[in-house]
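Peer 1: One structure is given below, represented as structure tokens, and several questions about it will come after.
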Amino acid sequence: MQGNGFKIFLTVFFFAITGYYLYPSVQSYFIAQDKSELVGEELATYEQENLTKIRNAQEKALKLGLDLQGGMHVTLEVRVEAMISELATDVDDLFTEVLAVASRQASETDNPIIDLFVTEFESRDASARLSRYFRNEEAGITRRSSNADVAAYLRLESDEAVDRAISIIRDRVDRYGVTEPSIQKQGTRRVIVELPGIDDPDRIRGLLRGTARLEFHLMIDPAENVRSLQRIIAYYDTGVDSTATGDDSVAEADTTLDINDLLDSEELTSGNELLDVMQPLGQGVMFGQVLESDTTAANTLLSNPVIAEMLPRGVSLMYTSSPVGTTADGEEVYALLGVRDDIELTGDVITDARVDFDQRTNVPEVTMVMNSEGSRTWARLTGANVGNNIAIVLDGVVYSYPNVLGRISGGRSNITNLESQAEAQDIVTVLKSGALPAPVEIVQESTVGASLGQASIDAGLKSVMFGLALVALFMIFYYRTGGSIADIALILNLIFILGILAGFGATLTLPGIAGIVLTIGMAVDANVLIFERVREEQSTGKTLKASMEGGYAKALSAIFDANITTFFVGVILYSFGLGPIQGFAVTLMAGILSSMFTAIIFTRILMDYMVVEKKLTVSFG
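Under the working numbering, the first residue of the sequence shown is numbered 96, with each subsequent residue one higher.
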């Protein structure tokens with residue numbers, strides 16, 4: 096074994112390193128086996144006693160992809176067009192139309208929306224300047240700025256918005272507690288999110304796409320609410336605004352009508368489109384109630400431009416976040432509230448948020464703490480509106496609208512009427528992570544159940560074992576003793592591949608298993624080249640030892656050429672691919688490195704030991 100000392104050292108070293116990185120995976124497997132035999136209190140006790148051990152094993156174990164352990168794969172798209180609209184300091188019909196066209200074109204192609212927006216704008220009027228819409232002295236955009244300068248400004252803002260969105264989404268996911276999430280940018284405005292082990296997809300959807308725009312609004316005056324409701328109901332009965340005649344006496348008379356008297360008329364209620372989908376209330380700030388199944392129809396009717404004119408100036412209708420009741424059939428009912436458009440306070444002043452419980456009802460709520468500026472504004476706002484309602488709005492939905500009983504100092508406020516502690520925790524998560532710079536929407540989503548993931552694992556293991564057995568039998572049958580040595584190297588190769596994946600924190604996916612199966616077949620290629628060269632050397636009459644030395648030496652260049660070119664293919668696949676393609680590329684590259692080591696170094700150690708040390712005869716078929 097003289098001259099093989101360094102090779103033996105490398106083999107032992109790599110084997111020890113592999114064992115070190117694979118040990119947590121083995122440990123995690125046995126922990127899972129132990130937990131599967133426990134239930135209830137015994138399981139809780141076991142987890143508590145072995146908390147550190149379980150956590151360390153999970154953190155360092157070989158990671159499994161979504162297709163193997165279950166979870167969610169979500170493609171998010173940052174609505175850059177909404178960001179463009181917000182950056183605009185002046186908006187007209189031309190701007191709105193051009194942005195709508197660019198947004199539609201961007202959804203149909205992969206072209207950046209800003210390039211499409213600028214191109215479409217210049218096609219309408221080549222001499223027009225975008226700077227009239229985007230004046231911003233801090234960004235250097237003045238009235239004289241060229242369209243190219245404005246486009247560069249928008250691209251910079253867009254890139255920052257997407258990067259900021261990724262950072263916020265990552266923070267939300269981390270706070271939620273997902274283990275080893277994968278969040279990657281795709282193109283100019285898309286984000287790929289992979290969340291293993293998710294068992295509540297609905298909650299994750301809300302967590303990912305919620306912009307977390309917290310706002311405090313004053314609400315409609317109750318008297319104005321009644322007058323507007325009367326006009327709107329009458330309009331959908333007659334098709335005419337009763338106060339649009341210009342007769343002040345008519346308008347005054349309408350304000351004295353009781354809403355219940357109005358609804359008692361059979362002529363009015365029969366055939367009224369609005370009353371078919373909304374129960375009018377006109378009580379305080381509550382405009383009406385709508386069944387969950389009727390919200391789309393109600394939104395269509397109430398978004399009529401004529402209806403907007405009947406509402407008080409600067410007032411919009413918003414739904415409550417939680418149902419205010421349930422029908423006998425079990426369908427949830429939501430309230431429509433009159434909310435003033437002016438934003439009195441935003442979530443930017445929130446410095447902390449936590450989940451609390453109402454001392455009387457034990458219902459979860461979110462307690463928010465404001466900075467000094469927010470505290471002063473909140474004290475002034477509540478002091479000036481005693482007896483009125485203030486709406487706490489998150490992402491366009493009213494979570495609570497408390498009646499102000501007195502001036503509130505100290506900068507504290509609460510979001511109430513929450514359905515569960517999980518909802519409260521999610522609100523805390525998005526508030527602490529911050530608001531998204533632009534809305535995001537889910538454009539693609541897939542969910543893999545845990546049972547399907549286990550089925551994939553079972554199928555993958557069967558394919559690996561079958562491929563390994565088939566190759567091993569062929570090598571023994573064709574190359575005899577040499578084939579047996581190659582089979583030992585093949586098993587070591589498989590262990591090394593898993594060790595490499597665990598050591599680099601890579602994720603094993605179903606395509607990755609396919610890469611391992613492919614590598615099993617490729618791993619013996621090097622041994623086939625070596626054994627064939629040994630045969631050629633033996634045919635010239637050389638001794639077994641000389642034939643082995645010549646065979647290894649002559650096969651080396653061909654082995655390197657074949658494996659290095661394939662390795663570069665793996666690098667390209669990993670660099671430009673996403674998801675499954677990257678999973679395949681990782682195992683392919685790991686397999687190539689491992690197979691070269693086991694075929695060139697490990698088999699040579701075994702050959703030298705058998706032929707040189709033990710003077711055994713090794714047959715190559």
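Here a beta-carbon is modelled for each residue, glycine too, at the ideal position from N, C-alpha and C.
In terms of DSSP beta bridges, what is residue 495 paired with?
Peer 2: 487
Peer 1: Which residues in the same chain as residue 687 place their Cβ atom closer than 8 Å to its Cβ, once the five residues preceding and following it in sequence are excluded?
Peer 2: 614, 617, 658, 661, 662 and 665
Peer 1: By how many angstroms is the C-alpha of residue 653 removed from the C-alpha of residue 645?
Peer 2: 14 Å
Peer 1: If the criterion is Cβ atoms closer than 8 Å, does the pair residue 167 and residue 261 meet it?
Peer 2: With contacts defined as CB atoms closer than 8 Å, residue 167 and residue 261 fail to qualify as a contacting pair.
Peer 1: Could you check the C-alpha separation between residue 423 and residue 533 for me, to the nearest Å?
Peer 2: 40 Å
Peer 1: Which value, in whole angstroms, describes the spacing of the CA atoms of residue 308 and residue 684?
Peer 2: Looking at the two C-alpha atoms, the distance is approximately 45 Å.
Peer 1: To the nearest angstrom, how far is it from the Cα of residue 569 to the Cα of residue 591?
Peer 2: One C-alpha to the other measures close to 22 Å.
Peer 1: When you compare each of 706, 627 and 607 to residue 161 by their alpha carbons, which one comes out closest?
Peer 2: 607
Peer 1: Per DSSP, what kind of secondary structure is residue 502 in: helix, strand or coil?
Peer 2: coil
Peer 1: Determine the DSSP secondary structure at residue 385, reduced to helix, strand or coil.
Peer 2: Of the three classes helix, strand and coil, the one that applies to residue 385 here is strand, per DSSP.
Peer 1: Here's the rule: buried if 16 or more other CB atoms are within 10 angstroms of the residue's CB, otherwise exposed. What is residue 429?
Peer 2: buried
Peer 1: In whole angstroms, what is the alpha-carbon distance linking residue 558 and residue 609?
Peer 2: So the alpha carbons of these two residues sit roughly 8 Å apart.
Peer 1: Would you check if the distance between the CB atom of residue 715 and the CB atom of residue 629 is smaller than 8 Å?
Peer 2: For residue 715 and residue 629, yes; Cβs fall inside 8 Å.
Peer 1: Report the partner residues of residue 438 according to the DSSP bridge assignment.
Peer 2: Partner(s): 312.
Peer 1: Check residue 602 in the structure and name its three-state DSSP category.
Peer 2: In this structure, DSSP gives residue 602 an extended state, which the three-state scheme calls strand.
Peer 1: So if DSSP puts residue 158 in a beta bridge, which residue, or which two residues, is it bridged to?
Peer 2: 602
Peer 1: Between the alpha carbons of residue 207 and residue 243, how many angstroms are there, rounded?
Peer 2: 15 Å
Peer 1: According to DSSP, which residues form a beta bridge with residue 375?
Peer 2: Answer by DSSP bridge pairing, in chain order: 383.
Peer 1: Relative to the C-alpha of residue 694, which residue among 704, 626 and 676 is closest?
Peer 2: Answer by Cα proximity: 626.
Peer 1: What three-state label does DSSP hand residue 332 in the structure shown?
Peer 2: helix
Peer 1: So, for residue 581: in the same chain, excluding its five sequence neighbours on each side, which residues have a beta-carbon less than 6 Å away from its beta-carbon?
Peer 2: 570, 619 and 622
Peer 1: Using the Cα positions of residue 133 and residue 142, report the straight-line distance between them to the nearest angstrom.
Peer 2: 10 Å
Peer 1: Counting Cβ pairs, one atom from each stretch, are 3 or more of them under 8 Å apart for the stretch 202-217 and the stretch 318-325?
Peer 2: With the cut-off at 8 Å, the stretch 202-217 and the stretch 318-325 do not touch.
Peer 1: Using the three-state DSSP reduction, which class does residue 646 fall into: helix, strand or coil?
Peer 2: Note: residue 646 maps to helix in three-state DSSP.
Peer 1: Using DSSP bridges, identify the partner residues of residue 278.
Peer 2: 288
Peer 1: Please report the residue range of the alpha helix (DSSP H) in which residue 675 lies.
Peer 2: 675-692
Peer 1: Does DSSP put residue 628 in a helix, a strand or coil?
Peer 2: helix
Peer 1: Could you tell me the boundaries of the beta strand (DSSP E) in which residue 508 lies?
Peer 2: 507-510
Peer 1: Go ahead and pull the three-state DSSP assignment for residue 575.
Peer 2: helix
Peer 1: Where does residue 552 fall in DSSP's three states?
Peer 2: helix
Peer 1: Measure the Cβ-Cβ separation of residue 99 and residue 700 and say whether it is below 8 Å.
Peer 2: yes
Peer 1: If contact is defined by three or more beta carbon pairs under 8 Å, each pair taking one atom from either stretch, is the stretch 226-240 in contact with the stretch 263-283?
Peer 2: no
Peer 1: Let me check understanding here. Comparing Cα to Cα, which of 605, 402 and 444 lies closest to residue 473?
Peer 2: 444
Peer 1: From what residue to what residue does the beta strand (DSSP E) around residue 717 run?
Peer 2: It is not possible to answer for residue 717, since the shown part of the chain is limited to 96 through 716.
Peer 1: I need the straight-line Cα distance from residue 304 to residue 540, nearest angstrom please.
Peer 2: Whole-angstrom Cα-Cα distance: 13 Å.
Peer 1: Does DSSP classify residue 708 as helix, strand or coil?
Peer 2: helix
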